[in-house]
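Encoded as structure tokens, the structure appears first; notes follow it.
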Amino acid sequence: MTDKMIDRLPAPEIAGVVIPWFTPANRPSQDRIEETAGLVEALGCQLAFLRPEHVRQVNSAQLLSGGILDRMEADLKAGNCTLAVVDGALTPVQQRNLENKLGVKVIDRTGLILEIFGLRARTKEGRLQVELARILYERSRLVRTWTHLERQR
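Numbers 1135 to 1287, taken from my numbering, label the letters of the sequence shown in order.
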């Protein structure tokens, strides 16, 4: 239960946030941007940058296009960021590919919220509920692990 998705360091983590949007109808409002900034700060992270990005063509391997990733990688390095947050849902493969490309821990909105709940849970029952939710979330991210133990077909 002590294992968190984000390693806690004595110094606060520095986070960079991207809010992807795909059509003009789902462009993030100012309220959504402020909410996302509040979530990152509630986790105890310093916010290096928060930027809505229009994704014209979805890259199924990484969600974000190459140009957005290049800008994000440069901003993460410039801000000495240790965490990247994508305000949306990421598949396990997309999360892994983004971590490999950007060189920092990447979490999506659900992971961010689970971390906040984990920090704020006070009762034993509350901590257990958060732990169960985190395990269920991570279970969906265990993509083809332990397949080397399967029998040959």
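Backbone N, C-alpha and C define an ideal beta-carbon position, used for all residues, glycine too.
- If only complete runs of 3 or more residues are kept, the segment 1165-1201 shows the beta strand (DSSP E) at 1180-1188, in order along the chain.
- Excluding its 5 nearest sequence neighbours in each direction, residue 1177 has C-beta neighbours in its own chain below 6 Å: 1249, 1250, listed in chain order.
- Looking only at 1226, 1159, 1269, 1232, the smallest Cα-Cα distance to residue 1152 is reached by 1232.
- Counting only the Cα atoms, residue 1255 lies some 5 Å from residue 1261.
- DSSP places residue 1217 in the uninterrupted beta strand (DSSP E) bounded by 1217-1220.
- 1221 is the residue among 1258, 1253, 1266, 1221 whose C-alpha sits nearest the C-alpha of residue 1242.
- Non-local C-beta neighbours of residue 1191 in its own chain, meaning closer than 7 Å and more than five positions away in sequence, comprise 1199, ordered along the chain.
- The continuous alpha helix (DSSP H) containing residue 1245 extends over residues 1243-1254.
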